Every structure is written in C-alpha cells, then in structure tokens.
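A short worksheet on the structure shown next.
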Amino acid sequence: MNVLKNEILNLLKENSSLAGVNIGSVLERPPDRTKGDYALACFSLGKALKQPPNKIAEEIASRLKPSGLIASIRAEGGYVNFRADPVKLLPLVIKQIIADKEKYGTSSVGEGKTIIIDYSSPNIAKPMGIGHLRSTVIGNALYKIFSELGYKCIGINYLGDWGTQFGMLIADYKENKEKYSEFNSAFLSERYVAFNERAKTQPELLEKAREEFKKLESMDSENMEIWNRFRALSIKEFQHIYKLIGVGFDDYSGESAVTNIHEVIALIENKGLCEISEGALIVNLEGYKTLPCLLKKSDGATLYAARDIAAAIGRHDKYKFHKSIYVVGADQKLHFRQFFKVLELMGYDWAKDCVHVEFGLVRLSGEKMSTRQGKTIMLEEVLNEAINKSKQIIEERPKELSDKTASVNTEEIAKAVGIGAIIFNDLKNKRTRDVDFNWEHILSFDGESGPYLQYTHTRLASLLEKAKHAGYNTENSLPVKTELLAADEEISLAKLLNEFPETLEKSAENYEPSILSNYLLELSSVFNRFYRFHKVINDSDKDLSNARIALVRSLKYVMAKGLRLLGINPLEKM
RNA sequence: GCUCCCGUAGUUCAACUGGAUAGAGCACUGGCUUCCGAAGCCAGCAAUACAGGUUCGAGUCCUGUCGGGAGUACCA
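Letter 356 of the first sequence, counting from 1, is numbered 601 in the numbering used here, and no numbers are missing.
Written out as structure tokens, the structure is:
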C-alpha cells in the first residue's frame, strides 16, 4: 500500500466522527495534479448530512491538520484535496527503492495460494499465427505479475492436440502417403485447409475423418503413431518460437493428456444433469439462459467441453488452486460460460474460482482470421520483420550512437528490440479490445511503443554508466540530499515510483497487463521530459548530482522490473 | 432471428471502475543537437455516433435508434 494514501486514509479514519458517516476509502486522483495528489469527494456525504458538499468539504478541511507526509489539505468545490510534502515523500520513496533494489514492488499477498494460468495453447499441426501471440504474451505477463505478488503460478500450455482435425489429417495422410515424405507444420496446415476445401463437395471425407478420429480415440496403434509424429513436429516448432520470445510453461499437457474424461462424463450423467438430444449427450442449461453444453457427439466421440470439464477437475485435484484462469479469445465466451456452469451444477464450489480472461480478436482487414481458410499471418514472419526493421534503424543512425553501441552485438539488440516491440504492441491496450492487424502499427517504433520503453531504459543505463566513470557512487549513493529534487518532473517521478506497487496489484486484480504498460509509458514520458530540462551529472553541484543519480537509479530498477514483468528483456544499450 | 461485446480528435488508444477543464501516440504544421543517447523533447490542430432517461454529477449506468464485431449442437 502506498504510504501517502495510507496516511491520508488513517487521518480520515481517526477523524471519521466529524463527518458522522462512513467516509470509506474512496480517495480519488484529481484530474489536474496541481490541485493535489489525492482527493475526497464530498457529494455523497452532502446528501446524508443534508448540507451542500462544498460546506462539508470546507468543514473537513478545516478540522484536519496536515501532518507527516501531507503538506496541505484544502477544500475546493466539494472536494477535499490533499497534497503531499515532497521534501518528506521523496527520501522515503528513494530510500525504499535503493534498499529493495529489484525487490521493490514484490509483495506477499499471494503467499500460499496457487494460480493456474492456461495460456498460449496453440493447435498442433498448424503453425502459430499472430492470433496466438496475444494469449501467449498476456498469459506470460500475468504469470510474472502474479508471481511477483507472492502467488505460486502454474503455467499450462494446453495444447490443442486432440479432436476431429486429427481425423482429417490422418485420413488425408493415409490417402496421400507419398506427399508426406517430408513435412513441417505449414505443410500440415495446407493439407488441412485443402481437406476442408475438398470436403465441401465430398461430404464423405468428413465421415472418413470422424472415423479416423474415433479410431485414434480408441488408441488404434497405427493412428496413434501418425498422430505422434505430427505432434512431435509441432511441439518442436513451437518451442523454437517460445525460446525466441522468452516464454515458458510448467506443464505442456494438452487435450490428449486428459484421461479422466470418461469417468467425468459418467459422473455428470450420474448426477442426473445429462440428456440425449438429437443423438448427442448434452447438459441442458435452458434454465440458466445459456445454450446446452455438448459433451459427446452422436457417434459417441467426446467434444471439447467434456474435455475441458475433465481437465478443470484434474487441475483442481492436483493443485487445489486459488484461481484457475484461462487466457483465451473472446470468441469462446459461450464455451466458458457453459462449462463453468456445468462445474457449478456438479456441485464444485470452486467453479467460481475459474475465470475466463478473454481478449479481443486479431482481425485481418476487418475479417476474423481463420486457419481453416488459410487467412492468417505467421507469427514468425512478424517477428522477423520487426527484427529486420530494428536492425535497419541501428544501421542508419548517426555515428556518435554507433560508436556507443560498437561493443555490443547488434544482432542481439535488434532481436530484443524487435521482439519487445511485438510483445508490447499486444500488451499496451486493454485486452478486451479487438485489434485489426496492421503492419504499420505493429512495426511502429516511435511514441507509445516497446522501443520507446527500451530507449528510456538505455538512457537510464547510459546515465549511470557515465556517472560511474565520473567517480560517483551509482549503486548506493545514500544518503543523498533529496530535498534538492524540487523540480516538477522530479517530484512527479518520485510520486509515480511510489505508485508502482499498487500498479502491480491493480494489474493482477483486473488480469490486465495494460495497466502496467501504461504506467511504464507514463514513467518514461515524465523521465524523458526531466532529461530534456535537467542535467543529471554536473560536477559543479555534486550534491544535486548525487540526488539525481539516486533518482535515476531508482527509476532504472522500476523500469527494468516493469519490462521484465511484461516479458521484455531490458537493454543496457541499443 | 436470439445472446454477448464495441462505437471517444483524420487515425490508434487513455480516462484511476459514476466525479473537477476528456488525456496521449501516430499523421499533419512549426520549433529544439556547440550541452548526460533525436527510437527523444516542446508547441499547435482536433473528439465522447444519435435521441431520451436515472442523479448533485454520465464517455462510463438504463431504454431506444443507427453503425461495426463475435457467438449461436455434434470444430477447438
């Protein structure tokens, strides 16, 4: 909890009698920072006390005495505005960060609690498309953020390695063995698309595919072997990408690993929840304003809802999770509503702890992407384009800068910057927004972008390096005269740094990495303005220099940590 | 048809969960390098789709209209 906010709340609590009503913890942030750092709105109190809000605000303001971190308390048009005393706040914040170093912002609120995060979960036998990136990077960021707050996280890559699509591929394979002498996932995807195309005019192909999948489900050894080859190949390709973007998982068990499915279906049936409709086994959810949940097809093969229910039960048995979150696109909303409902009807009270962290679709010129129709963009292509672009920028810039980075490997830098740009592009907006894929936007390295954050971080690094060479103690320059940091930008920076821990909590609470993204953008923006107007290293004023170096050192800890939590590797030079 | 999401400057997004004068990035216009990294900084332009309602107060909540998207039984 923010020390400043805490102090204001305590002050209010101690004096809660003066208002005669519960003030609660409704501290707001004034839109205009010059009015104050926090504000208490008195409008709702006005109603209860039958007095004009501005009167109440004045009353409260006149009775509260500024103390500690609070410099002033003023009433203004129905609000009580609280302003921090920078002379007291700054040393507190800076000291804390310099002492905690990379631990600043960690917390123990989640201690002893396990959170399951299901993310990425690509389908086998298809190359990873740009659409899968969102789930991957959002899940990865949430994993890191929750871990930071003390939760034990289990990252599950629930591979789409089971289902009728394999029936199609196996059917196709058996007919065209000679074409499969050598293949990759792009080829499998092509075959899959072509198969669907042919099935439009030859419906018997679909029949064949269903048969092959049924055989696979009953562990037919020939089909198992074919399936295994497809699967192994895909996993190898995925891991190449995961390594590239720095994402990992604790558990790779996919849909095929769900072995309790028949018992679970039997359990649902025993609870009297099932009925047969048009030959299929379903759970009727009419009473809950939800469409029925299909468990088994009329030919007896299982469907993915049944598999997800079984998997959820398996996960709960194994991990006794505090939350089980699914980072999956919004197009599957209905599916999650259905299967969460079935879990609830089965009597599991932990059904309420399952959450669908949905995100908007990535569309291609206004249309939904579809692997089946071959309308998709390969993730690898996007990553390569981004890397190339950042390489190009490095090569084209002025000599002073290329000298600066002469000692570092430009290949590595280009990779980190390019990939960071792609990752950040998917994390900067609220996740529920649909996005239209656009080369120009995804490759934008100016303004609110990953490279902007990286650039800011390298500036911080570069400053500290220069200071170190000039003989300053950059690692632990305390105590410093923080009262010398009196410029607007310096005070704003310290206040922002003070808000970092709660920013992490808010991101976690809302399952929303973009809250952290926006925070880092703001931090960068204020720092870059500070950098423009104030010189950090100035030997004619060593006290001021030391104070600013401590501020820069603090900023760098927070920037680096923020970037890492988003899954971006902070650079010292670029 | 039914259900759910979304409509904020030319464009891509914010707005602290109902609060004060709606903030940024691109793009455009004009500035800033004898000075710690110009992938930067400063300034200018410009917006809550429409019509009602709820209340002290609405971009945010409710109703309707228009526009866009997604889902909707044996794909995942």
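The C-beta atom is built at its ideal place from N, Cα and C for all residues, glycine as well.
Everything numeric in this text was worked out from a predicted model, so none of it was measured.
Could you tell me the alpha carbon to alpha carbon distance between A416 and H561, rounded to whole angstroms?
Approximately 36 angstroms between the Cα atoms of the pair.
Return the first residue and the last residue of the beta strand (DSSP E) that D363 is part of.
Its beta strand (DSSP E) spans residues T359 to D363.
Of the choices K563, Y425, H702 and G812, whose alpha-carbon is the least far from that of T873?
Nothing about residue 873 can be read from this structure; the chain reaches only from 246 to 819.
Please give me, in chain order, every unbroken run of the alpha helix (DSSP H) with length at least 4 that falls completely inside the stretch 614–682.
Fully enclosed alpha helix (DSSP H) runs of 4 or longer: 624–641, 644–649 and 655–672.
Give me the residue from G400, Y756 and H601 with the minimum Cα distance to L672.
Nearest C-alpha to L672: Y756.
Excluding the 5 residues preceding and the 5 following E817 in the sequence, name in chain order all residues of the same chain whose CB lies nearer than 7 angstroms to its CB.
Only T703 and A706 meet the Cβ criterion.
Would you kindly work out how many angstroms separate the C-alpha atoms of K634 and L433, rounded to a whole number?
The alpha-carbon atoms of K634 and L433 are separated by roughly 30 angstroms.
Compute the Euclidean distance between the alpha carbons of M469 and L461, then round it to the nearest angstrom.
Each residue's Cα considered, the two are about 6 angstroms apart.
Give the C-beta separation of L628 and G663 to the nearest angstrom, bearing in mind that I take them to be a contact with Cβ-Cβ under 8 angstroms.
Contact flag correct, Cβ pair sits at about 7 angstroms.
Judging by CA-CA distance, which residue of I687, T655, K300 and T381 is the nearest neighbour of L404?
Checked all of I687, T655, K300 and T381; the closest Cα to L404 is T381.
In this structure, does DSSP put T547 in helix, strand or coil?
Strand.
Please report the residue range of the beta strand (DSSP E) in which G400 lies.
That run of the beta strand (DSSP E) goes K397 to I401.
Whose C-alpha, out of R474, K541 and G376, is nearest the C-alpha of D679?
The candidate whose alpha carbon is nearest that of D679 is G376.
Should A344 go down as buried or exposed, given a rule of 16 or more other Cβ atoms within 10 Å for buried?
Burial call: exposed.
So for R274, helix, strand or coil by DSSP?
Note: R274 maps to coil in three-state DSSP.
Label I521 either buried or exposed according to how many other C-beta atoms from any shown protein chain fall within 10 Å of its C-beta, with 16 as the threshold for buried.
Flag for I521 reads exposed.
Going by the CB atoms, is the gap between L624 and M804 shorter than 8 angstroms?
Going by C-beta atoms, M804 is not nearer than 8 angstroms to L624.
Quick check on H485: buried or exposed, where buried means 16 or more other Cβ atoms within 10 Å of its Cβ?
With fewer than 16 Cβ atoms within 10 Å of its Cβ, H485 is classed as exposed.
With DSSP as the reference, label E420 as helix, strand or coil.
Looking at E420 - three-state DSSP - the assignment turns out to be helix.
When you compare only the Cα positions, how much space is there between Y396 and I342?
Taking the straight line from one Cα to the other gives about 22 angstroms.
Distance check for K541 and L518, CA to CA, integer angstroms please.
Taking the straight line joining both Cα atoms gives about 14 angstroms.
Buried or exposed, going by whether 16 or more other CB atoms sit within 10 Å of the CB of L646?
It is exposed - the Cβ of L646 has fewer than 16 other Cβ atoms within 10 Å.
Tell me the DSSP bridge mates of L698?
Its beta-bridge partners do not exist; DSSP assigns none.
Do L761 and S799 come within 8 angstroms of each other at the CB atom, strictly closer than that value?
Not in contact: S799 and L761 (Cβ atoms no closer than 8 angstroms).
Take every Cβ of the stretch 785–800, pair it with every Cβ of the stretch 712–728, and state whether three or more of those distances are shorter than 8 angstroms.
Touching, yes, given that three or more Cβ pairs across the two stretches are closer than 8 angstroms.
Given I318, which residues of its chain have a CB within under 6 angstroms of its CB, disregarding the five upstream and five downstream residues?
Only A306, L309, P311 and F327 meet the Cβ criterion.
Looking at the structure shown, is K541 part of a helix, part of a strand, or coil, going by DSSP?
Looking at K541 - three-state DSSP - the assignment turns out to be strand.
Is it buried or exposed, M464, if we count other Cβ atoms within 10 angstroms and call 16 or more buried?
Looking at its Cβ environment, which holds fewer than 16 other Cβ atoms inside 10 Å, M464 is exposed.
Taking Cβ to Cβ, would you say I668 is nearer than 8 angstroms to L811?
Contact flag set, yes.
Check whether the Cβ atoms of I253 and I315 lie closer than 8 angstroms to each other.
Yes, the pair counts as a contact, with Cβ atoms nearer than the cut-off.
According to DSSP, is I315 helix, strand or coil?
Strand, per DSSP.
Do you know offhand how far L526's Cα is from E657's?
Their Cα atoms are separated by approximately 54 angstroms.
Does the stretch 771–789 come close enough to the stretch 735–751 to have 3 or more Cβ pairs within less than 8 angstroms?
Contact holds: three or more Cβ-Cβ distances are below 8 angstroms.
Below 8 angstroms on the Cβ atoms is my guess for N384 versus S365; work out the distance and round it to an integer in Å.
Before going on, a small fix: residue 384 reads as Gly here, not Asn. Indeed, because the Cβ distance is near 6 angstroms, the residues count as touching under 8 angstroms.
Whose CA, out of R443, T677, P758 and N473, lies closest to the CA of K389?
Nearest of R443, T677, P758 and N473 to K389, Cα basis: P758.
Please check the pair G491 and N814, which I expect to be a contact at CB under 8 angstroms, by giving their CB distance rounded to whole angstroms.
Right, their Cβ atoms sit about 7 angstroms apart.
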